[in-house]
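Residue numbers (mature numbering (1 follows the signal peptide of the UniProt record, and there is no 0)): -36 to -1, 1 to 257.
Each residue gets a CB set at the ideal place from its N, CA and C atoms; glycine is no exception.
Since the model is a prediction, treat every value here as computed from it, not as a measurement.
See below for the structure under consideration.
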């Protein structure tokens, strides 16, 4: 299925993730985070681009970009109640093309056939959370990460201000069994009790029910659980985002064919421009009202 992204490349205006000190604070990203006010709640918007770097517009800009993605992947690519394709990646692709003054379309494919579709030139770029560390993807050209997915702690809401993630001796930390969060906790927090549970849901409920002092897991999914009816206002994020290399540092990027470095370079340029112009911030706040940073 091909979805034409609704804008013209001739539009007159351009719209707008070895020591226990494993905590990577926001200031350890490529640049310092921007703080914004959203619904009277302070929101941290991540910045993955060096604010001091100067990047000239590439000499070669593609006239068109055929994006490849899979749907049913909220909040990145999914269908609204009316069946219309929407999501963070959809709006990001649209904004990238407006910045480059290129015409664009989005072709929906099953995830397992995204790479063959790219190789067979059914599309030019995959924007669907494709990992760059897989043997089958290491040959591709990737843009810089446009979104990293950190680990976070959630604790009882009344403990959030006093919880110290660097002082975990004697604490019971719930994690999902077999996950990289469990592997990290067992490696670094030897003085804590690591409570392995079968699912993320069980881990979160352990905090809500008082069976654990904290849950350590995926910040993105936790950001949607915390304001949900299931959470019932029980809990809150505590501490900062964890982006420890080798565990939580791999982020989301756009992939292009090995013989198409110019398109990746153009997309990289456009990503930086979207950040500098505040467009990335607007998109982040639109789809992630409770920041996972």
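Note that the stretch 22 to 31 touches the stretch 57 to 64; at least 3 beta-carbon pairs, one per stretch, sit closer than 8 Å. The criterion of a C-beta distance shorter than 8 Å is satisfied by residue 231 and residue 60. With 16 or more neighbouring CB atoms inside 10 Å of its own CB, residue 11 falls in the buried class.
In the structure shown, residue 105 adopts extended strand secondary structure according to DSSP, grouped into three states. With contacts defined as CB atoms closer than 8 Å, residue 219 and residue 137 fail to qualify as a contacting pair. If you check the CB distance, residue 117 and residue 131 do not come in under 8 Å. In the DSSP assignment, residue 67 falls within the unbroken beta strand (DSSP E) covering 67 to 72. As computed with DSSP, residue 91 is found in no beta bridge at all.
Comparing alpha-carbon positions, the option among 237, 146 and 229 lying closest to residue 212 turns out to be 146. In this structure, the alpha-carbon of residue 221 lies about 40 Å from that of residue 160.
The beta-bridge partner set that DSSP reports for residue 207 is empty. Comparing alpha-carbon positions, the option among 149, 84 and 108 lying closest to residue 115 turns out to be 149. In terms of Cβ geometry, residue 8 and residue 255 form a close pair [threshold 8 Å].
Residue pairing by DSSP places residue 25 opposite no residue, since no beta bridge is assigned to it. For residue 236, the uninterrupted alpha helix (DSSP H) segment begins and ends at 225 to 240. Nearest Cα to residue 75 within the set 34, 113 and 226: 34. Annotation: the stretch 95 to 151 contains the following complete segments of the beta strand (DSSP E) (minimum length 3 residues), in chain order: 115 to 120 and 136 to 140. For residue 40, no pairing in a beta bridge is given by DSSP. The Cβ atoms of residue 98 and residue 78 do not sit closer than 8 Å to each other. By the Cβ neighbour-count rule, residue 126 is exposed, with fewer than 16 other Cβ atoms within 10 Å of its own. Secondary structure at residue 165: helix, using DSSP grouped into helix, strand and coil.
Out of 157, 141 and 140, the CA that lies nearest to the CA of residue 134 is found in 157.
Pairing residue 111 with residue 53, the inter-Cα distance amounts to about 10 Å. When DSSP states are grouped into helix, strand and coil, residue 257 belongs to the coil group. Of all C-beta pairs linking the stretch 166 to 179 to the stretch 196 to 216, three or more are shorter than 8 Å, placing the two stretches in contact. Judged by their CB atoms, residue 82 and residue 31 are not nearer to each other than the 8 Å cut-off.
Put simply, the backbone Cα of residue 228 is about 40 Å away from that of residue 153.
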